[in-house]
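A short worksheet on the structure shown next.
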Amino acid sequence: SNGGGAINVFRFNEWFRVGSSTIPDFTYVGSIVSLGQPRKSNSTWGPFTYYSAPNRVWSFEERFNDGNQLPPMTPIFVYLRQELFVRDYQVD
39 SNGGGAINVF
49 RFNEWFRVGS
59 STIPDFTYVG
69 SIVSLGQPRK
79 SNSTWGPFTY
89 YSAPNRVWSF
99 EERFNDGNQL
109 PPMTPIFVYL
119 RQELFVRDYQ
129 VD
């Protein structure tokens, strides 16, 4: 596991097995866009005894694998370069 990446877009920093030995599922169907490598959360994670994330069940629309099946007005990029965009969060 890692401290950054698409799997950790949804950060679960709590214990999800309260009163139960089974781990609940978190289901997400949609798109996740990464604008680059994380700057703050980029190290390995764990192991910790106070953290237990839910099972992550990911899915997406299989038709979107075909460029002809994309929704109308979908931007299509041949080349993309990120410029002049920096998001930096202050820790209080």
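Going by the numbering used here, the sequence shown opens with residue 39, and the numbers climb by one from there.
Where is the CB? At the ideal position from N, CA and C, for every residue including glycine.
Residue i - DSSP class collapsed to helix/strand/coil
{"i": "Phe64", "result": "strand"}
{"i": "Arg125", "result": "coil"}
{"i": "Arg119", "result": "coil"}
{"i": "Trp53", "result": "strand"}
Of the listed residues the options, nearest to residue i (C-alpha basis)
{"i": "Ser90", "options": "Leu122, Thr60, Val129 and Glu121", "result": "Thr60"}
{"i": "Arg49", "options": "Ile114, Glu100 and Pro92", "result": "Pro92"}
{"i": "Pro113", "options": "Phe123, Leu122 and Phe102", "result": "Phe102"}
Neighbour flag for residue i against chain C, beta carbons, 9 Å
{"i": "Gly68", "result": "As a matter of chain content, chain C is missing from the structure shown, which is built from one protein chain."}
Spatial distance of residue i from residue j (CA atoms)
{"i": "Leu118", "j": "Asp63", "result": "34 Å"}
{"i": "Pro109", "j": "Trp96", "result": "21 Å"}
{"i": "Asn106", "j": "Ile70", "result": "21 Å"}
{"i": "Tyr66", "j": "Glu100", "result": "14 Å"}
Counterpart residues of residue i in DSSP-defined beta bridges
{"i": "Ser90", "result": "Trp53"}
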